[in-house]
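Student: There's a structure below that I have some questions on.
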Amino acid sequence: MLGFAVRRLLTLVPLLLIVSLVFFLMLRLGRGDPALDYLRLSQLPPTDAALALAREQLGLDQPLAAQYWSWLSGALRLDLGRSWSTGRPVLEEVLHFLPASLQLAGTALLLVALVGLPLGLLAALYRDRWPDHLTRAIAFLGVSLPNFWLGFLLVLLFSVQLGWLPAMGRDGPASIIMPAVATATMSACVTLRLMRSAVLGVLGERHLVFARARGLPRRTILGRHVVLNAMIPPLTALGLHVGELLGGAMVVEMVFAWPGLGRYALLAITNRDFPVLQGFVLVMTLVFVLCNLLVDLAYAWVDPRIRFGARAA
Amino acid sequence: MKVRLALLLVAVLLGAAVFAPWLAPFDPAETSLASRLLPPSALHWLGTDHLGRDVLSRLLWGARASTGAVAIILALVLALGSLVGATAGLLGGVVDAMLMRVADAFMTVPTLVLALFFIGALGTGLTNVVIAITLSHWAWYARLVRGLTLSLRARDYVAAARVAGASRLDVARRHVLPAVGGQLAVLASLDLGHWMLHVAGLSFLGLGLAAPAAEWGIMINDARPFFRVAPMLVLLPGAAILLTVLAFNLLGDALRDRLDPAVQGHAH
Amino acid sequence: MSTLAIQGLCVSAGATPLVRDVSLQLARGRVLGLVGTSGGGKSLTVLAMLGLLPPALRQTGGQVLRDGAVLAAQQVAALRGAVVGLVQQSPRACFNPLVTIGRHFAETLAAHGLARRAAADRAAGLLAEVGFADPAAILASYAFQLSGGMLQRVMLALALCRDPDFLLADEPTTDLDLAVQAQILALLEQMVAQRGIGVLLVTHDLSVIARLADDVAVMQGGRIVEQRDVVGLFKAPCHPATQALLRTHFALYGEATE
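What follows is the structure, encoded as structure tokens:
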């Protein structure tokens, strides 16, 4: 398993290079004049002299390859430049906001597993009876809900009407509940449906008959044989969910004024703050690939066939 | 039956979108500072927003914007996916391998992240939103079409060796095409809802259409400062999004139940 | 002598009857063969004896009797593993792919009340009994790492690890190559001789019946059409179904000698 992880990590380096290069090119070749954006954000008048000076300072008159190289060599020294709007080092700002986003996405992931998996199991075990119909109806609704709208609904209900939870900000354990629920809902519903169909699939499998024939108690059968096997498909899908949750968290951050990377990135997008955007892309790609790797490792840990390459004797 | 209900809902939605200019009682952009934040009345069935614009009209025009965007995404995804998939299937070898690696890369990046990257580089606007969403979804369709192309090619060799039997076109028409056509339809109808949510979400973030335009995501964003005073301004466009996505998802589910043999076998 | 019987079993799928009024009796130390063409209801009879019919099918009649006493549903369930063991064909599908063989034994023996240490010893002993030279290696393996023949032997060991009086073997040698088949059959003979278990051996292969069975029941279309001792069956079959089976068998394998 260590070899597996190491191999995956090695593919990370070329991936980061390609992504940052492609993004760099798109940014530079896209519309707008970087020098103009820089002056606007620095609140300097865009006179011809100022523009020329800015171009020189930012190295915009140099060939693209040289520009990329200078950014890359800085990145390798962990220097991602300074934000054009705040003047502070990009890496410092990104690392400042990243934990809040990870916390939100992580909590949402926990909710997805803790709600989606058991409810899916329940729906399967009570197939075609009312718990099944109820959970499936809720899941269907949940998959159709826009997460930001759900956020507003929750605020309306729990903050404005009932006053139980804070509407905004990251301030104490109660403040993460609504954002996490809003972020998690869609993925939880997808997981619920996946788990349900996985359990139904396992319930028809022959190793269950043999397990019952050996006289195993219901609890053991349910736990080790049904649930463990049924969890494989939702677990593999979790990799996709991690990405969706990271993205979804960013949208939800806007609703709840959650001080995460999402708001930071959005501001940079509207401002066209180049160093921040470039740094954001790099860090996001890294985070995203690492999360995927963790999920794949969890999957390999549960299913021995993956670890051993599933070669029959 | 499920399919009929779903088709009905989608038809209503499309009707609202297409006929919005005739159905809407007011011009969605017409502001009136005297009529700001009015509750529902006989004149304005759903009230007015913070700039005095009629909410019902804006909702109808918003249907136009959203469904239009989703329709374009559908067309682009099918076109791009088919092109890449067919090329990979027909040419095979190195080209196939490379194209599939590219497809894999696009399949793993989550939509919102890709959109943020893309729009961050090339700027905001509905065009870029549509392109970004297309880019993050085309790969699934490419794979599907590639599979179709490969199986058609296999039929080639089989047909050549066959003594008696239908022509290749016949085989394609009767066996392969319906199967993949069905799969494409199921995939697309299930995706319509996702695309809708992404378009609305990105517009909500201010990355799509610009402010005065009538689009459900923008309407929600515009209404944020007035949330406590007039929550309906946030709730109504969101409900519209919800109902639209529900309709698409219902259609997707119904089609899948009808067309997907795996589900059919499992059903009881 | 200890007996296990099923009487008047009727199973149907919706309106279609699959098993009609089947009665069989197993006795300890004797092997009852159950033969017939595919789809005749043999496997369903085996499952019904343990109350393990798939939920889509209905059991419309029939009782399980132990030593002549009728058993209620919970009592039938209590038989599983402890009094009656089950071995099936295609053993690979019968194992949980995510846990080790050792864990399969541990959980089965835990149901029997044995703790870890004792269970591990018992498992190793059983694996040695079925012919494994290195039980520890097997216990540490996963199902996908073992061949079909090895898994069938492990399955036999698992079925026997709680010392049952009876064994239901549903086509235990199908899908295996001849050498492995011979091995499994020899093991079954050994188990009957050494442990005195009563075996219900379901098969469509008459040579297996000829080798192992003391009595034979022939099933066709969900009914028992003939039931008698093995020698009598081979020498003077009464029912046309039996005669057809024998004809096919001899056509394929030539005249067999007892």
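Protein chains in written order, with this note's numbering: chain R, 1 to 313; chain C, 1001 to 1268; chain S, 2001 to 2258.
Just so you know, even glycine gets a beta-carbon here, dropped at the ideal spot from N, CA and C.
What residue from 301/R, 253/R and 293/R has the CA that sits closest to residue 97/R's CA?
Tutor: Walking along the first sequence from the start, residue 97/R turns up at place 97. Cα-wise, what sits closest to residue 97/R is 253/R.
Student: Output the distance between the C-alpha atoms of residue 1082/C and residue 1006/C, rounded to the nearest integer angstrom.
Tutor: For the purposes of this step, residue 1082/C is identified with residue 82 of the second sequence, where counting begins at 1. For the purposes of this step, residue 1006/C is identified with residue 6 of the second sequence, where counting begins at 1. If you take the alpha carbons of residue 1082/C and residue 1006/C, they lie about 26 Å apart.
Student: Terminal residues of the continuous alpha helix (DSSP H) containing residue 2105/S?
Tutor: As a working note, residue 2105/S is residue 105 in the third sequence. Where residue 2105/S is concerned, the enclosing alpha helix (DSSP H) stretches over 2101–2110.
Student: If we count Cβ pairs, one from each stretch, closer than 8 Å, do we get three or more for the region 139–152 of chain R versus the region 178–198 of chain R?
Tutor: Verdict: yes, contact present.
Student: Pair every Cβ in the region 75–83 of chain R with every Cβ in the region 272–281 of chain R, then say whether three or more of these pairs are closer than 8 Å.
Tutor: Touching, yes, given that three or more Cβ pairs across the two stretches are closer than 8 Å.
Student: List, in order along the chain, the chain C residues whose C-beta lies closer than 8 Å to that of residue 42/R?
Tutor: Stepping through the first sequence from its first residue, residue 42/R is reached at position 42. Chain C residues near residue 42/R: none, gap ~20 Å exceeds 8 Å.
Student: Jot down the residue ranges of each uninterrupted alpha helix (DSSP H) in the region 195–281 of chain R, minimum 4 residues, whole runs only, in chain order.
Tutor: Taking only runs of at least 4 residues, the alpha helix (DSSP H) segments lying wholly in the region 195–281 of chain R are 206–213, 232–256 and 261–271.
Student: Let me make sure I understand the geometry here. Which of 2107/S, 2092/S and 2072/S has the alpha-carbon closest to that of residue 2081/S?
Tutor: The sequence position of residue 2081/S within the third sequence is 81, counting from 1. Selected option, being the one with the closest Cα: 2107/S.
Student: At 3 residues or longer, and completely inside the region 2206–2253 of chain S: list those beta strand (DSSP E) runs for me, N to C.
Tutor: DSSP runs (the beta strand (DSSP E)) wholly in the region 2206–2253 of chain S: 2215–2220 and 2223–2229.
Student: Which word fits residue 1223/C, buried or exposed, when buried means at least 16 other C-beta atoms lie within 10 angstroms of its C-beta?
Tutor: Locating residue 1223/C in the second sequence gives position 223, counting from the first residue. Buried, by the Cβ-count rule.
Student: Would you say residue 2174/S faces chain R, with C-beta separation under 8 Å as the test?
Tutor: The count along the third sequence starts at 1 and reaches residue 2174/S at position 174. Output row for residue 2174/S: interface = no.
Student: Counting only beta-carbon separations shorter than 8 Å, does residue 1040/C have a partner in chain R?
Tutor: In the second sequence, residue 1040/C corresponds to position 40, counting from 1. It does not; no Cβ of chain R falls within 8 Å.
Student: Among residues of its own chain, excluding the 5 on either side of residue 2162/S, which ones have a beta-carbon nearer than 8 Å to its beta-carbon?
Tutor: What you label residue 2162/S is simply residue 162 of the third sequence in a count that begins at 1. 2081, 2082, 2085, 2108, 2109, 2111 and 2112, listed in sequence order.
Student: For a contact meaning CB atoms closer than 7 Å, what does residue 82/R contact in chain S?
Tutor: Position 82 of the first sequence, counting from 1, holds the residue named residue 82/R. Simply none; closest approach about 51 Å.
Student: Cβ closer than 9 Å: which chain R residues qualify as neighbours of residue 2167/S?
Tutor: Within the third sequence, numbered from 1, the residue matching residue 2167/S stands at position 167. Those within 9 Å of residue 2167/S in chain R number zero; the least Cβ separation is about 11 Å.
Student: Buried or exposed for residue 2006/S, please, with buried defined as at least 16 other CB atoms from any protein chain shown within 10 angstroms of its CB.
Tutor: Here residue 2006/S refers to the residue found at position 6 of the third sequence. With 16 or more Cβ atoms within 10 Å of its Cβ, residue 2006/S is classed as buried.
Student: Just the Cα atoms here: how many angstroms apart are residue 2076/S and residue 133/R?
Tutor: The count along the third sequence starts at 1 and reaches residue 2076/S at position 76. The count along the first sequence starts at 1 and reaches residue 133/R at position 133. So the alpha carbons of these two residues sit roughly 33 Å apart.
Student: Please report the residue range of the alpha helix (DSSP H) in which residue 1119/C lies.
Tutor: Position 119 of the second sequence, counted from the start, is the residue given in the question as residue 1119/C. Looking at the DSSP string, the run of the alpha helix (DSSP H) that includes residue 1119/C is 1111–1122.
Student: Can you list the alpha helix (DSSP H) stretches of 4 or more residues lying completely in the region 2143–2209 of chain S, in chain order?
Tutor: For the region 2143–2209 of chain S, whole alpha helix (DSSP H) runs of length 4 or above, ordered along the chain, are 2148–2160 and 2178–2195.
Student: Could you tell me which chain C residues have their CB closer than 8 Å to the CB of residue 251/R, listed as they occur along the chain?
Tutor: In the first sequence, the residue the question calls residue 251/R occupies position 251. Correct list: 1112, 1201, 1204 and 1205.
Student: Is it true that the CB of residue 1208/C sits closer than 8 Å to the CB of residue 1248/C?
Tutor: On the second sequence, position 248 is the one that residue 1248/C refers to. On the second sequence, position 208 is the one that residue 1208/C refers to. No; because the gap between Cβ atoms is not below 8 Å, this pair is not in contact.
Student: Residue 1245/C CB to nearest chain R CB: under 8 Å?
Tutor: For the purposes of this step, residue 1245/C is taken as residue 245 along the second sequence, with counting starting at 1. It does: the Cβ of residue 1245/C has a partner Cβ on chain R nearer than 8 Å.
Student: Closer than 8 Å, CB to CB, is residue 146/R near chain C or not?
Tutor: Taking the first residue of the first sequence as 1, we reach residue 146/R at position 146. It does; some Cβ of chain C falls within 8 Å.
Student: Among the residues of its own chain, which have a CB less than 7 Å from the CB of residue 2047/S, if the five just before and after it don't count?
Tutor: As a position in the third sequence, residue 2047/S is number 47, starting the count at 1. Counting only Cβ-Cβ distances below 7 Å, and skipping sequence neighbours, we find 2053.
Student: Output the distance between the C-alpha atoms of residue 312/R and residue 2140/S, rounded to the nearest integer angstrom.
Tutor: Along the first sequence, read from residue 1 onward, the residue named residue 312/R stands at position 312. Along the third sequence, read from residue 1 onward, the residue named residue 2140/S stands at position 140. With a pLDDT of 38 at residue 312/R, under the threshold of 50, the modelled position of this residue cannot be trusted; read the value that follows with caution. Distance between the alpha carbons of residue 312/R and residue 2140/S is about 15 Å.
Student: May I ask you to report which of helix, strand or coil DSSP gives residue 2059/S?
Tutor: As a position in the third sequence, residue 2059/S is number 59, starting the count at 1. Residue state, collapsed to three classes: strand.
Student: Would you say residue 214/R faces chain S, with C-beta separation under 8 Å as the test?
Tutor: Reading the first sequence from its first residue, position 214 is the one you call residue 214/R. Yes - at least one Cβ of chain S is within 8 Å of the one on residue 214/R.
Student: Using the beta-carbon count (16 or more within 10 Å), is residue 308/R buried or exposed?
Tutor: The residue given as residue 308/R occupies position 308 in the first sequence. Residue 308/R should be labelled exposed.
Student: Quick one: measure Cβ to Cβ for residue 1060/C and residue 1016/C, integer angstroms, because I've assumed they're closer than 8 Å.
Tutor: By one-based count along the second sequence, residue 1060/C stands at place 60. By one-based count along the second sequence, residue 1016/C stands at place 16. About 6 Å separates the two Cβ atoms, so the contact holds.
Student: When the Cα atoms are used, what is the spatial distance from residue 2092/S to residue 1068/C?
Tutor: One-based indexing of the third sequence puts residue 2092/S at position 92. One-based indexing of the second sequence puts residue 1068/C at position 68. For residue 2092/S and residue 1068/C, the distance between alpha carbons rounds to 53 Å.
Student: Near residue 292/R, which residues of its chain fall below 7 Å by C-beta distance, leaving aside the five closest residues on each side in sequence?
Tutor: The residue you call residue 292/R lines up with position 292 of the first sequence. Hits under 7 Å: 239 and 242.
Student: Using a beta-carbon distance below 8 Å, is residue 210/R in contact with chain S?
Tutor: Start at 1 with the first residue of the first sequence, and residue 210/R comes out as number 210. At least one chain S Cβ lies under 8 Å of residue 210/R.
Student: Compare the beta carbon distance of residue 1211/C and residue 1218/C with 8 Å and say whether it is the shorter of the two.
Tutor: In the second sequence, the residue the question calls residue 1211/C occupies position 211. In the second sequence, the residue the question calls residue 1218/C occupies position 218. Taking 8 Å as the Cβ cut-off, residue 1211/C and residue 1218/C qualify as a contacting pair.
Student: By the DSSP assignment, the alpha helix (DSSP H) with residue 1057/C in it spans what residues?
Tutor: Within the second sequence, the letter at position 57 stands for residue 1057/C. That run of the alpha helix (DSSP H) goes 1055–1091.
Student: Less than 8 Å separating the beta-carbons of residue 198/R and residue 166/R?
Tutor: Position 198 of the first sequence, counted from the first residue, corresponds to residue 198/R. Position 166 of the first sequence, counted from the first residue, corresponds to residue 166/R. No, they are not a contact pair.
Student: Grab me the residues of residue 70/R's own chain with a C-beta within less than 7 Å of its C-beta, minus the 5 sequence neighbours each way, in chain order.
Tutor: As a working mapping, residue 70/R is identified with position 70 in the first sequence. Correct list, in chain order: 59.
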